[in-house]
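Heads up, the thing below is written out as structure tokens.
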Amino acid sequence: MSGETVELLGHWASPSALRVKWTLKLKEIEYEYVEEDLANKSPLHLEYNPVHKKIPVLVHGGKPLAESLVILEYLDETWKRNPILPDDPYERAQARFWARFVDDKCAPSILSAFTKKGEEKEKAGKEARENLKILESGLGKKQFFGGESIGFVDIAAGWIGLWARMVEEIADVNIIDTETMPLLDAWFRRVLQVPILKECLPPQDRLLEHNKGFYKNLTGGSS
Amino acid sequence: MAEVKLFRTWSSPFALRIVWALKLKDVPYDTIFEDLANKSSLLLQFNPVHKKVPVLVHNGKSVAESFVILEYIEETWKHNPLLPEDPYDRATARFWAKFGEEKVLLSIWEAFNSEGKEQEECIVKAKENLKYLEEELKGKKFFGGERIGFADIALGWLADYEGVFEEVASMKLIAEDEFPLLSEWKRTFADAPIIKENWPPRDKLVIKFQAIREASLLKKLGN
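Chains as they are written, first to last, in UniProt numbering: chain A, 1 to 223; chain B, 1 to 223.
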């Protein structure tokens, strides 16, 4: 079963696709990467993810799966090397809780801070900082959310370390507050230095330009 | 001795998922009913992040977020599994649960909280989402196959609450001719052992959701 071909349909600037890349690399799973042009979705893509028409899509032995966190759990259950979820059910529940918190709370508030203007932007920035402060409580004094080594939540949340700083630069709003969230701030730096994660990161100057373009289209440019 | 407590409200469809899961697995538990206008200090202690129900407390340790709780229950009490064994089928169940939450519930809730032209447009969107569920039910009795599974529990609110939404908001979403499989699934699920004994009183639900809708529409007018 795990001998069948694995394909990842992704986009180089997508944080969700990055989560899957990280997991594939960590578990030393050989795969073929297919870059999707999101403006011109390939027929293959539409066939594989007819419901959401989004990336990432993992295709294993011809069978497609969508939704990055669902894909991560699938990878963990199918390839046992370097597990990303712990064994204990309570610890697993904590990991799932925090990963969902990233998607349900952190991501939308960061996106709001990026796309809104004036007072609404400030409000969104405040909410984003509050959410990250709460996320920090899940980390505590640990090296990583996964403990001594990276795990499910590190993979789910790591993208924020790169993307949030870009939002800060482009939209002129504070997201990661070094003073109020020192532990999380240190973790952001630490996690993106982990060799496997670092080598998968998209080229930062290219990503910055890409997000600047995105920002211009969404907001008309000025903050 | 193992001790399980469930914090819930009489009307929360999210907490009801946990009732179903615990009962389907014959797990004895104590119920603590919460008044969300007057949250107990215990609830705030056990769910400091979201301060919501449901919360499961097992041997003094708390788990929040209904899907996270369901997975915890599944992993802790192996009797009557809710998820299949095959990783791909498990991922599929998780995908539909997520889809139900993020697309179906949201779109139906939007239709519920609107009227006139806006409601018509919301209904179109909601039906597009429901079509995917209809498709998924082809050849199956439940989303889980022959027996109730994770996705059925996640989508179970459709079998009762959705009818309440239709009545209160004077709209028709799941019509027999348009959604024959979904209509049949609703009946089968609503009437299944354990499920049928645990629906909250319909007349009380109608009153409650009438009040919610009125408040929503009023708020919209105010804007």
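Each residue gets a CB set at the ideal place from its N, CA and C atoms; glycine is no exception. Source: prediction; values computed, not measured.
Minimum Cβ-Cβ distance from residue i to chain A less than 8 Å
i, result
"residue 1 of chain B", "Here the model assigns residue 1 of chain B a pLDDT of 46, short of 50, so the residue's position is not dependable and the matter cannot be decided."
"residue 84 of chain B", "no"
"residue 95 of chain B", "yes"
"residue 111 of chain B", "no"
"residue 91 of chain B", "yes"
"residue 138 of chain B", "no"
"residue 125 of chain B", "no"
"residue 201 of chain B", "no"
"residue 161 of chain B", "no"
"residue 131 of chain B", "no"
"residue 193 of chain B", "no"
"residue 98 of chain B", "yes"
"residue 180 of chain B", "no"
Closest Cα partner of residue i within the set the options
i, options, result
"residue 216 of chain B", "B:125, B:110, B:143, B:145", "B:110"
"residue 70 of chain B", "B:15, B:177, B:192", "B:15"
"residue 97 of chain B", "B:158, B:79, B:40, B:63", "B:158"
"residue 149 of chain B", "B:114, B:25, B:61, B:128", "B:25"
"residue 123 of chain B", "B:177, B:164, B:173, B:133", "B:173"
"residue 30 of chain A", "A:14, A:81, A:121", "A:81"
"residue 20 of chain A", "A:59, A:4, A:53", "A:59"
"residue 155 of chain A", "A:183, A:71, A:210, A:124", "A:71"
"residue 205 of chain B", "B:183, B:194, B:166", "B:166"
"residue 141 of chain A", "A:112, A:105, A:181", "A:181"
"residue 141 of chain B", "B:163, B:107, B:129, B:180", "B:180"
"residue 36 of chain B", "B:138, B:54, B:118", "B:54"
"residue 215 of chain A", "A:6, A:168, A:179, A:177", "A:168"
"residue 83 of chain A", "A:75, A:189, A:162", "A:75"
"residue 226 of chain A", "A:3, A:148, A:126, A:189", "For residue 226 of chain A there is no data in the structure shown, the boundaries of chain A being 1 and 223."
"residue 172 of chain A", "A:212, A:143, A:88", "A:212"
"residue 196 of chain B", "B:39, B:19, B:3", "B:19"
"residue 199 of chain B", "B:21, B:160, B:30, B:103", "B:160"
Rounded distance between the beta-carbons of residue j and residue i, thought under 8 Å
i, j, result
"residue 213 of chain B", "residue 168 of chain B", "6 Å"
"residue 26 of chain A", "residue 56 of chain A", "Not quite, the Cβ-Cβ distance comes to about 15 Å (not below 8 Å), so this is no contact."
"residue 233 of chain B", "residue 91 of chain B", "Past the edges of chain B, shown from 1 to 223, lies residue 233 of chain B, and the structure says nothing about it."
"residue 42 of chain B", "residue 51 of chain B", "Residue 42 of chain B to residue 51 of chain B, Cβ: 11 Å. No contact."
"residue 197 of chain A", "residue 22 of chain A", "6 Å"
"residue 99 of chain A", "residue 69 of chain A", "6 Å"
"residue 145 of chain A", "residue 85 of chain A", "Actually they are not in contact, since the Cβ atoms of residue 145 of chain A and residue 85 of chain A sit about 11 Å apart, beyond 8 Å."
"residue 66 of chain A", "residue 95 of chain B", "6 Å"
"residue 15 of chain A", "residue 159 of chain A", "4 Å"
Residues that residue i bridges to, as DSSP identifies them
i, result
"residue 147 of chain A", "A:144"
"residue 178 of chain A", "In the DSSP output, where bridge partners are listed per residue, residue 178 of chain A has none listed."
"residue 132 of chain B", "According to DSSP, residue 132 of chain B bridges with nothing at all."
"residue 32 of chain A", "A:7"
"residue 238 of chain B", "What is shown of chain B runs 1 to 223, which leaves residue 238 of chain B out entirely."
"residue 64 of chain B", "B:55"
"residue 33 of chain B", "B:8"
"residue 64 of chain A", "A:59"
"residue 145 of chain B", "B:142"
Interface flag, residue i vs chain B, CB-CB below 8 Å
i, result
"residue 223 of chain A", "The pLDDT assigned to residue 223 of chain A is 46, lower than 50, so where the model puts this residue is not dependable; a value taken from the coordinates is nonetheless given after this. Cβ-Cβ to chain B under 8 Å: no for residue 223 of chain A."
"residue 65 of chain A", "yes"
"residue 55 of chain A", "no"
"residue 84 of chain A", "no"
"residue 173 of chain A", "no"
"residue 157 of chain A", "no"
"residue 70 of chain A", "yes"
"residue 180 of chain A", "no"
"residue 110 of chain A", "no"
"residue 129 of chain A", "no"
"residue 92 of chain A", "yes"
"residue 29 of chain A", "no"
"residue 206 of chain A", "no"
"residue 78 of chain A", "yes"
"residue 123 of chain A", "no"
"residue 134 of chain A", "yes"
"residue 214 of chain A", "no"
Notebook entry, point to check: Which residues, taken in chain order from the UniProt domain "GST N-terminal" (2–81) of chain B, show a beta carbon closer than 7 Å to some beta carbon of chain A?
Noted result: 49, 61, 63, 64, 65, 68, 71, 72, 75, 76
Next item on the list: Check distances from the C-beta atoms of the region 11–27 of chain A to those of chain B and list, in chain order, the residues that come in under 7 Å.
Entry: none
Note to self: Please identify, using Cβ separations under 7 Å, the residues of the region 140–165 of chain A that lie next to chain B, in order along the chain.
What the structure shows: none
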